[in-house]
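Visitor: Line order of the protein sequences matches chains F and C. Residue 226 in my numbering sits at position 226 of the first sequence, and the numbers go up by one each step. One gets my numbering by counting positions in the second sequence from 1 and adding 320 to each. In this text, a Cβ means the ideal position worked out from N, Cα and C, and glycines have one as well. Structure in structure tokens, see below.
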Amino acid sequence: MTESKLQTADKPSRTPFQESWRILRRNRLAMAGMVFFIAFFLLALAGVIVTQEWDLRRGAVMDPTTIRLADKLKPPMTRCSESDVPATDRPLFGVYLLGTDSLGRDVLSRMLQGAWVSLTVGFVAVGLSVAIGIFLGGLAGYFGRWVDTIIMRFVDIMLCIPRFFLILTVLALWGGGIFKIMLVVGITSWMGTTRFVRAEFLSLRRQDFVTAARALGLSDLRIIFRHMLPNALAPVLVSATIGIAGTILLEAGLSFLGFGVPEPHATWGKILDDGRKYLFDAPWLTFTPGFAILIVVLSFNLFGEGLRDAFNPKLRERGA
Amino acid sequence: MGGTGKLLDVRDIRVTFRSSDGPPARAVEGVSFALDAGETLAIVGESGCGKSVTGLALMRLIPSPPGIIETGQAILEGTDLLTLPEHQMRDIRGGKIAMIFQEPMTSLNPVFKVGHQIAEAIHVHQDISKEDARTRVIDLLGRVQIPSPAERFESYPHQLSGGMRQRVMIAMALACNSRVLIADEPTTALDVTIQAQILELLEGLRDQTGMGLILITHDLAVVAGTANRVAVMYAGRIVEQSPVAELFAKPLHPYTRGLLKSIPSRNVGQAKLPVIPGTVPEASNKPAACHFHPRCPYARDICRQEVPELRKLSPGRLTRCWALGDWLDEE
Numbered sequence: 001m002t003e004s005k006l007q008t009a010d011k012p013s014r015t016p017f018q019e020s021w022r023i024l025r026r027n028r029l030a031m032a033g034m035v036f037f038i039a040f041f042l043l044a045l046a047g048v049i050v051t052q053e054w055d056l057r058r059g060a061v062m063d064p065t066t067i068r069l070a071d072k073l074k075p076p077m078t079r080c081s082e083s084d085v086p087a088t089d090r091p092l093f094g095v096y097l098l099g100t101d102s103l104g105r106d107v108l109s110r111m112l113q114g115a116w117v118s119l120t121v122g123f124v125a126v127g128l129s130v131a132i133g134i135f136l137g138g139l140a141g142y143f144g145r146w147v148d149t150i151i152m153r154f155v156d157i158m159l160c161i162p163r164f165f166l167i168l169t170v171l172a173l174w175g176g177g178i179f180k181i182m183l184v185v186g187i188t189s190w191m192g193t194t195r196f197v198r199a200e201f202l203s204l205r206r207q208d209f210v211t212a213a214r215a216l217g218l219s220d221l222r223i224i225f226r227h228m229l230p231n232a233l234a235p236v237l238v239s240a241t242i243g244i245a246g247t248i249l250l251e252a253g254l255s256f257l258g259f260g261v262p263e264p265h266a267t268w269g270k271i272l273d274d275g276r277k278y279l280f281d282a283p284w285l286t287f288t289p290g291f292a293i294l295i296v297v298l299s300f301n302l303f304g305e306g307l308r309d310a311f312n313p314k315l316r317e318r319g320a
Numbered sequence: 321m322g323g324t325g326k327l328l329d330v331r332d333i334r335v336t337f338r339s340s341d342g343p344p345a346r347a348v349e350g351v352s353f354a355l356d357a358g359e360t361l362a363i364v365g366e367s368g369c370g371k372s373v374t375g376l377a378l379m380r381l382i383p384s385p386p387g388i389i390e391t392g393q394a395i396l397e398g399t400d401l402l403t404l405p406e407h408q409m410r411d412i413r414g415g416k417i418a419m420i421f422q423e424p425m426t427s428l429n430p431v432f433k434v435g436h437q438i439a440e441a442i443h444v445h446q447d448i449s450k451e452d453a454r455t456r457v458i459d460l461l462g463r464v465q466i467p468s469p470a471e472r473f474e475s476y477p478h479q480l481s482g483g484m485r486q487r488v489m490i491a492m493a494l495a496c497n498s499r500v501l502i503a504d505e506p507t508t509a510l511d512v513t514i515q516a517q518i519l520e521l522l523e524g525l526r527d528q529t530g531m532g533l534i535l536i537t538h539d540l541a542v543v544a545g546t547a548n549r550v551a552v553m554y555a556g557r558i559v560e561q562s563p564v565a566e567l568f569a570k571p572l573h574p575y576t577r578g579l580l581k582s583i584p585s586r587n588v589g590q591a592k593l594p595v596i597p598g599t600v601p602e603a604s605n606k607p608a609a610c611h612f613h614p615r616c617p618y619a620r621d622i623c624r625q626e627v628p629e630l631r632k633l634s635p636g637r638l639t640r641c642w643a644l645g646d647w648l649d650e651e
């Protein structure tokens with residue numbers, strides 16, 4: 001055989017992931033979004049550490065539940081009045097960085113505690129909805145025919161139900177709680193992902209590597225989840241990022257309406273709701289959580305849209 | 321050739337694609353052939369004549385709906401592939417019978433390393449440890465003559481050239497020592513020098529393993545160089561079957577004659593390449609009786625009225641034409 005003539009000049013080309021990363025890096029808004037995304041993640045993580053009561057005698061580093069009636073409705077950067085507040089109740093460094101609320105609770109520590117709630121609600125609920133969406137969308141797109149018809153009509157039915165009111169009803173009947181919110185939001189928001197994944201699978205199904213995989217004797221489930229799914233993940237990732245932003249907003253809305261996480265746990269929506277009564281006397285109570293929600297939702301959306309552009313092969317051609 | 325212990329015996333396969341608007345497309349109408357171990361059978365014909373559908377039917381990979389295999393048997397070492405339950409067929413696919421496709425560019429999954437894709441083919445059919453599978457894969461990559469196979473194990477498909485990818489596809493098909501390999505236009509997407517290498521490789525592997533090779537192609541040069549026997553297909557039927565040398569020496573069916581005449585020769589100066597007038601009919605709208613009669617220079621009344629049988633002229637030579645012997649050679 002002609003071994004000497006074998007082709008060895010293979011292109012040292014980039015993987016699709018590297019290519020997308022290159023495009024994403026040039027998108028400044030998306031990169032800013034990503035930085036905030038990561039910062040928010042770290043902040044929430046730090047928040048759960050400092051607001052947790054690790055040691056009963058010493059209490060949390062920053063206790064969001066400490067009530068100091070002497071120091072109520074203090075504006076940001078106020079020093080703690082040392083004569084009226086016992087030493088154990090004083091905030092970190094003796095300063096209320098973001099002020100206090102109507103019960104004299106430190107807004108900063110409440111914000112930090114709430115960040116973790118927003119983060120987990122966003123990730124868990126979206127994770128759940130993405131899992132359902134991938135599973136149903138994959139089945140519908142791969143098998144087609146009656147499987148597709150049943151799943152997609154079910155999607156249509158689910159989309160007819162006004163989600164916010166369904167969630168309100170469920171929470172009103174069964175009571176609030178962070179896990180119930182995650183569950184209910186997850187179960188009511190998988191329809192978009194299902195449609196995305198189905199559309200991707202419809203086009204992937206006709207591709208040669210799927211036929212080739214079947215020709216190797218691979219089972220249907222293995223082809224769907226190991227071979228086709230990784231190729232369909234880009235739009236799912238994009239919609240998940242934007243979905244997290246939507247969920248954070250939704251959770252804040254629910255808390256604002258009093259259907260969120262029960263007291264004394266703080267969430268951004270609830271801080272906002274508490275501050276509503278003092279809108280003119282203590283505007284920092286509404287401004288702080290409102291601004292935080294704005295920044296987080298905006299950065300997630302920008303990051304998600306940047307991802308979408310980076311994964312879009314048409315833009316890639318123009319960019320390269 | 322011929323012999324008794326046939327490896328694969330295909331009898332009267334019919335494949336139809338139903339359509340909601342318009343008549344059903346009869347893509348394959350009663351194809352029969354046999355394949356011996358260590359033999360290459362080429363299936364030749366123009367695009368759209370049912371070659372690939374025949375190959376897919378043997379793998380039971382006809383997209384269904386709209387396609388269905390209406391009748392037929394494909395007996396591989398005593399088992400009829402076409403009546404097996406799907407889960408048993410899955411074991412056969414990639415195990416006893418494997419297939420490679422025309423487009424090596426798209427036949428590999430872009431997100432996995434090629435080594436893992438070959439290893440997966442082994443894991444599906446055999447209970448084997450990861451390390452053993454890896455050793456086997458590197459060995460296979462060496463057998464399909466990929467340089468530095470251990471490094472190539474870690475390559476992604478986009479890092480390989482077309483020829484290399486087709487080698488990887490062949491390695492996957494060989495992973496479980498298939499008895500029959502269906503190669504559907506394996507070299508069409510490759511440039512000519514790589515074509516020769518791939519065909520040589522397939523031939524060498526066929527001789528080493530004693531597998532039967534079904535080579536689906538429209539390229540008669542490929543046929544002449546590689547095949548032992550040839551089946552010429554036209555509009556869903558085999559119109560001629562013959563050992564390769566005899567086919568090129570004395571084609572019997574008018575369609576085969578037309579095909580052979582329209583091979584571009586290297587003689588410059590020949591004014592115009594002879595062509596077969598007309599085009600392959602659509603599978604849903606074929607002429608009655610002999611499907612070739614509208615394009616056939618020898619067509620007579622009987623060709624428009626009755627389907628000719630596939631008749632045996634001499635050992636190994638079959639043709640489906642009313643004209644054989646009689647008026648064909650007079651002209």
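Anything in chain F within Cβ reach of C:D411, meaning under 7 Å, just list it in chain order.
Guide: As a working mapping, residue 411 of chain C is identified with position 91 in the second sequence. Going along chain F in sequence order, the residues near C:D411 (Cβ under 7 Å) are G217.
Visitor: I want to see whether chain F comes within less than 9 Å of C:V543, judged by CB atoms only; does it?
Guide: One-based indexing of the second sequence puts residue 543 of chain C at position 223. Not an interface residue.
Visitor: Anything in chain C within Cβ reach of F:N231, meaning under 8 Å, just list it in chain order.
Guide: The residue labelled residue 231 of chain F in the question sits at position 231 within the first sequence. Correct list: N429, P430, V431.
Visitor: Per DSSP, C:I502 forms a beta bridge with which residues?
Guide: To locate residue 502 of chain C, count along the second sequence from 1; it is residue 182. Beta-bridge pairing links C:I502 to C:M419, C:I534.
Visitor: Return no unless some Cβ of chain F is closer than 9 Å to the Cβ of C:A495.
Guide: Along the second sequence, one-based indexing puts residue 495 of chain C at 175. Closer than 9 Å: yes.
Visitor: Inspect the beta-carbon positions of C:T576 and C:V552 and report whether they are closer than 9 Å.
Guide: In the second sequence, the residue the question calls residue 576 of chain C occupies position 256. In the second sequence, the residue the question calls residue 552 of chain C occupies position 232. Yes. Within cutoff.
Visitor: Assuming F:Y278 is part of the beta strand (DSSP E), what are its boundary residues?
Guide: Translated into the one-based positions of the first sequence, residue 278 of chain F becomes position 278. F:Y278 -> no beta strand (DSSP E), and no H or E assigned at all.
Visitor: With H, G and I counted as helix, E and B as strand and the rest as coil, what does DSSP make of C:R637?
Guide: The residue given as residue 637 of chain C occupies position 317 in the second sequence. Correct three-state label for C:R637: strand.
Visitor: Using a Cβ-Cβ distance under 9 Å, would F:Q7 count as near chain C?
Guide: Taking the first sequence and counting its residues from 1, one reaches residue 7 of chain F at position 7. Here F:Q7 scores only 42 on pLDDT, less than 50, and its place in the model should not be relied on; the value that follows carries that caveat. It does: the Cβ of F:Q7 has a partner Cβ on chain C nearer than 9 Å.
Visitor: Closest to C:P506 by CA distance: which of C:C623, C:V488, C:L633, C:K606 is it?
Guide: Numbered from its first residue, the second sequence carries residue 506 of chain C at position 186. C:P506 has its Cα closest to that of C:V488, out of C:C623, C:V488, C:L633, C:K606.
Visitor: Using the beta-carbon of each residue, which ones in chain C are nearer than 7 Å to F:D208?
Guide: Along the first sequence, one-based indexing puts residue 208 of chain F at 208. Per Cβ cutoff of 7 Å: F421, E423, T426, S427.
Visitor: Applying the 10 Å Cβ sphere with the 16-neighbour rule, what's the burial state of F:R318?
Guide: Residue numbering aside, residue 318 of chain F sits at position 318 when the first sequence is read from its first letter. Annotation note: pLDDT 47 at F:R318 (below 50); position unreliable, coordinate value reported separately. Exposed, because fewer than 16 other Cβ atoms sit within 10 Å of the Cβ of F:R318.
Visitor: Are F:F259 and F:L168 closer than 9 Å when you measure CB to CB?
Guide: Against the first sequence, residue 259 of chain F aligns to sequence position 259. Against the first sequence, residue 168 of chain F aligns to sequence position 168. Yes, the Cβ-Cβ distance between F:F259 and F:L168 is below 9 Å.
Visitor: With DSSP as the reference, label C:R620 as helix, strand or coil.
Guide: Residue 620 of chain C sits at position 300 when you count from the first residue of the second sequence. Here C:R620 sits in coil by DSSP.
Visitor: Check whether the region 391 to 398 of chain C touches the region 187 to 206 of chain F, counting contact only when three or more Cβ pairs, one atom from each stretch, lie closer than 8 Å.
Guide: Taking 8 Å as the limit for Cβ pairs, the verdict is that the region 187 to 206 of chain F does not touch the region 391 to 398 of chain C.
Visitor: Below 9 Å between beta carbons is the criterion; list the residues of the region 367 to 389 of chain C that meet it against any residue of chain A, in chain order.
Guide: Protein chains in the displayed structure are F and C, and chain A is not among them.
Visitor: With a CB to CB cut of under 6 Å and the five nearest residues on each side skipped, what residues in its chain are close to C:R640?
Guide: On the second sequence, position 320 is the one that residue 640 of chain C refers to. Only V559, P628, L630 meet the Cβ criterion.
Visitor: Using the beta-carbon count (16 or more within 10 Å), is C:N605 buried or exposed?
Guide: For this step, residue 605 of chain C is matched to residue 285 along the second sequence. C:N605 should be labelled exposed.
Visitor: Relative to the C-alpha of C:P344, which residue among C:R334, C:V351, C:S352 is closest?
Guide: As a working mapping, residue 344 of chain C is identified with position 24 in the second sequence. Checking every option, the nearest Cα to that of C:P344 belongs to C:R334.
Visitor: Buried or exposed: F:P91, going by 16 or more other Cβ atoms within 10 Å of its Cβ?
Guide: For the purposes of this step, residue 91 of chain F is taken as the residue at position 91 of the first sequence. Buried is the call here.
Visitor: If we ignore side chains and look at the alpha-carbon of each, how far apart do F:V35 and C:K416 end up?
Guide: For the purposes of this step, residue 35 of chain F is identified with residue 35 of the first sequence, where counting begins at 1. For the purposes of this step, residue 416 of chain C is identified with residue 96 of the second sequence, where counting begins at 1. Cα-Cα distance, rounded: 53 Å.
Visitor: Just to confirm my understanding: we take F:A234, look at its own chain, exclude 5 residues before and 5 after, and list those with CB closer than 7 Å. What are they?
Guide: By 1-based counting over the first sequence, the position of residue 234 of chain F is 234. If we look at F:A234 and ignore the five residues flanking it on each side, its Cβ neighbours are F311.
Visitor: Which of the three DSSP states is assigned to C:E560 in this structure?
Guide: Reading the second sequence from its first residue, position 240 is the one you call residue 560 of chain C. In the structure shown, C:E560 sits in a strand (DSSP, three-state: E or B).
Visitor: With distances taken between CB atoms, is the gap from F:P75 to F:G99 smaller than 9 Å?
Guide: By one-based count along the first sequence, residue 75 of chain F stands at place 75. By one-based count along the first sequence, residue 99 of chain F stands at place 99. It is a contact, given that the beta carbons lie within the stated cut-off.
Visitor: Is the Cβ-Cβ distance between F:Y96 and F:D71 less than 9 Å?
Guide: Indexing the first sequence from 1 puts residue 96 of chain F at position 96. Indexing the first sequence from 1 puts residue 71 of chain F at position 71. Yes. Within cutoff.
Visitor: Figure out for me which residue from C:A470, C:S367, C:L361 has the closest Cα to the Cα of C:P563.
Guide: For the purposes of this step, residue 563 of chain C is taken as the residue at position 243 of the second sequence. That would be C:L361, whose Cα lies nearest to the Cα of C:P563.
Visitor: Would you decide whether C:S634 is buried or exposed? Buried here means 16 or more other CB atoms lie within 10 Å of its CB.
Guide: Residue numbering aside, residue 634 of chain C sits at position 314 when the second sequence is read from its first letter. Under this definition C:S634 is an exposed residue.
Visitor: In whole angstroms, give me the CA-to-CA distance for F:P162 and F:E82.
Guide: One-based indexing of the first sequence puts residue 162 of chain F at position 162. One-based indexing of the first sequence puts residue 82 of chain F at position 82. Roughly 51 Å between the two C-alpha positions.
Visitor: I need the DSSP call for C:M425, collapsed to helix, strand or coil.
Guide: One-based indexing of the second sequence puts residue 425 of chain C at position 105. Coil, per DSSP.
Visitor: Could you check whether the Cβ of F:T211 sits closer than 9 Å to any Cβ belonging to chain C?
Guide: On the first sequence, residue 211 of chain F is found 211 positions in, with the first residue counted as 1. Judged by the 9 Å Cβ criterion, F:T211 is in contact with chain C.
Visitor: Rounded to the nearest angstrom, what separates C:K371 and C:D504 at their Cα positions?
Guide: For the purposes of this step, residue 371 of chain C is identified with residue 51 of the second sequence, where counting begins at 1. For the purposes of this step, residue 504 of chain C is identified with residue 184 of the second sequence, where counting begins at 1. Cα to Cα, the separation comes out at about 8 Å.
Visitor: Are C:L381 and C:A357 close, meaning C-beta to C-beta below 9 Å?
Guide: Translated into positions along the second sequence, residue 381 of chain C becomes position 61. Translated into positions along the second sequence, residue 357 of chain C becomes position 37. No, Cβ-Cβ distance for C:L381 and C:A357 is not below 9 Å.
Visitor: Looking at chain F, is there any beta carbon in it that lies within less than 9 Å of the beta carbon of C:H444?
Guide: Residue mapping note: residue 444 of chain C aligns to position 124 of the second sequence, counting from 1. Checking the sequence shown, residue 444 of chain C turns out to be Val, not His. By this cut-off, C:V444 is an interface position.
Visitor: Just how far apart, CA to CA, sit C:I534 and F:V147?
Guide: Position 214 of the second sequence, counted from the start, is the residue given in the question as residue 534 of chain C. Position 147 of the first sequence, counted from the start, is the residue given in the question as residue 147 of chain F. C-alpha separation (whole angstroms): 36 Å.
Visitor: Thinking C-alpha only, which one of C:E471, C:I420, C:L480 is nearest C:L519?
Guide: Looking up residue 519 of chain C in the second sequence gives position 199. Taking only the C-alpha atoms, the option nearest C:L519 is C:I420.
Visitor: Check whether the Cβ atoms of F:R226 and C:E440 sit closer than 9 Å, and answer yes or no.
Guide: Taking the first residue of the first sequence as position 1, residue 226 of chain F is located at position 226. Taking the first residue of the second sequence as position 1, residue 440 of chain C is located at position 120. Contact: yes.
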